[in-house]
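Presented below is the structure to which this report refers.
In the working numbering, the protein residues as written are 670 to 1041.
Spelled out as structure tokens, the structure:
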């Protein structure tokens, strides 16, 4: 459930696409959708420029493997080497999270070099210039998947603007000893707070509880004890929620006939929705790169789109990192975090590629028969 009004949003979607079917998650779906759409774009690029579009299937295999392997190894080596190298089998557990876009970028560039070496008639930079167009689009979808997972969020805004991420609290509340049918977090209407404009805002949780062996008095006693613990003692609760009233817990229970409705009135911390910042910026970059290709196609000097991609994507990544929480503890003491440090050489490489391409200038018009 998503509730918004003016300044802040209570973000509480189920990361599963279908309730009750937890294996299919929005992140996985959007990740896969990015590759499916990208493949169709690449077929179009190849066809328009007179290249054998049958090669796209081979190219897709290189891209999928490079993205998954590179992103995983990037996280392992750049962020948590001690954890994974001491227990290498954990590296294979990709479904538990831990992917790094910088690792994916490096692996893709290497994989495309292998592809071009093994594919006659395919220039490395020509292929990469087309790949980066769809990579920007896929990056936008992946970041939206992060949003649906309520992960890689931002720092506190310190104001009423932002997102209150409530899903972690939902999962904790689902473990209570009472039989809970559903949980809904939302922004309450008409509930003002003296804490407004501080980054701490009102949030309500509605819990539908199946009637069982609990009397109303026993249920209230159990809920007051367990909910108070759940909302104040877990690290994720402390990160996303704020309960400034100590004690008692602001709890009301209503008999709805078939079930009890327990309403918990608490507070949340507004965070920067950095997943949206990144997703939107990557999609704009995709549209710009696609527009440049559409205007010039095969006349483009090789490396120009790759250079623009590296400058814009990792330039924006460098900026958005200032608004994101650190991924691992050692980044707390760094002036620039790992994401920013890894972005700098890629931005520099992009500048070099653009300067080189601009010196070469546009290629003369060509006729490809099946081309533009």
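Note that the Cβ used here is the ideal one computed from N, Cα and C, for glycine as well.
Predicted model, so just to flag it, every value in this text is computed and none were measured.
Inter-residue spacing [alpha-carbon to alpha-carbon] between residue i and residue j
i, j, result
"residue 960", "residue 775", "25 Å"
"residue 949", "residue 894", "42 Å"
"residue 714", "residue 797", "12 Å"
"residue 1031", "residue 747", "38 Å"
"residue 944", "residue 813", "6 Å"
"residue 843", "residue 816", "21 Å"
"residue 1011", "residue 716", "35 Å"
"residue 1102", "residue 793", "Since the first residue shown for the chain is 670 and the last is 1041, residue 1102 is missing from the structure and cannot be characterised."
"residue 898", "residue 848", "17 Å"
"residue 788", "residue 682", "44 Å"
"residue 995", "residue 1019", "26 Å"
"residue 931", "residue 850", "11 Å"
"residue 736", "residue 811", "12 Å"
"residue 972", "residue 840", "47 Å"
"residue 1000", "residue 690", "36 Å"
"residue 770", "residue 883", "50 Å"
"residue 791", "residue 900", "57 Å"
"residue 806", "residue 829", "31 Å"
"residue 955", "residue 800", "11 Å"
"residue 762", "residue 835", "26 Å"
"residue 855", "residue 692", "26 Å"
"residue 795", "residue 846", "60 Å"
"residue 756", "residue 749", "11 Å"
Residue i classed as buried or exposed, judged by whether at least 16 other C-beta atoms fall within 10 angstroms
i, result
"residue 621", "Here the chain covers residues 670 to 1041 and nothing more, so residue 621 does not appear."
"residue 718", "buried"
"residue 947", "buried"
"residue 808", "buried"
"residue 743", "buried"
"residue 802", "buried"
"residue 921", "exposed"
"residue 927", "exposed"
"residue 804", "buried"
"residue 991", "exposed"
"residue 1006", "buried"
Backbone secondary structure at residue i - three-state DSSP
i, result
"residue 857", "coil"
"residue 684", "coil"
"residue 921", "strand"
"residue 692", "strand"
"residue 850", "strand"
"residue 1030", "coil"
"residue 677", "strand"
"residue 767", "coil"
"residue 823", "strand"
"residue 1021", "helix"
"residue 1039", "Model confidence at residue 1039 stands at a pLDDT of 44, short of 50, so the residue's coordinates are unreliable and nothing is read from them."
"residue 993", "strand"
"residue 984", "helix"
"residue 828", "coil"
"residue 652", "There is simply no residue 652 to check, as the chain begins at 670 and stops at 1041 in what is shown."
"residue 1008", "helix"
"residue 1002", "helix"
Segment limits, beta strand (DSSP E) that includes residue i
i, result
"residue 937", "928 to 938"
"residue 875", "869 to 879"
"residue 787", "It is not in any beta strand (DSSP E) - residue 787 carries neither H nor E in the DSSP assignment."
Run of the alpha helix (DSSP H) containing residue i, from where it starts to where it stops
i, result
"residue 833", "Premise fails: residue 833 lies in the beta strand (DSSP E), 831 to 834, not in any alpha helix (DSSP H)."
"residue 944", "943 to 965"
"residue 910", "First-last for residue 910: undefined, no H or E at that position."
"residue 893", "885 to 901"
"residue 808", "793 to 817"
"residue 724", "724 to 747"
"residue 753", "750 to 754"
Minimum Cβ-Cβ distance from residue i to chain C less than 8 Å
i, result
"residue 886", "The structure shown contains no chain C; it is built from a single protein chain."
I'd like to know if the stretch 675 to 689 and the stretch 783 to 799 are in contact, where contact means that at least 3 CB-CB pairs between them fall below 8 Å.
no
Between the stretch 958 to 975 and the stretch 686 to 701, are three or more C-beta pairs nearer than 8 Å?
Output reads no: the stretch 686 to 701 does not touch the stretch 958 to 975.
Please determine if the stretch 864 to 874 and the stretch 931 to 943 are in contact, where contact requires at least 3 C-beta pairs separated by less than 8 Å.
Yes: at least three Cβ pairs fall under 8 Å.
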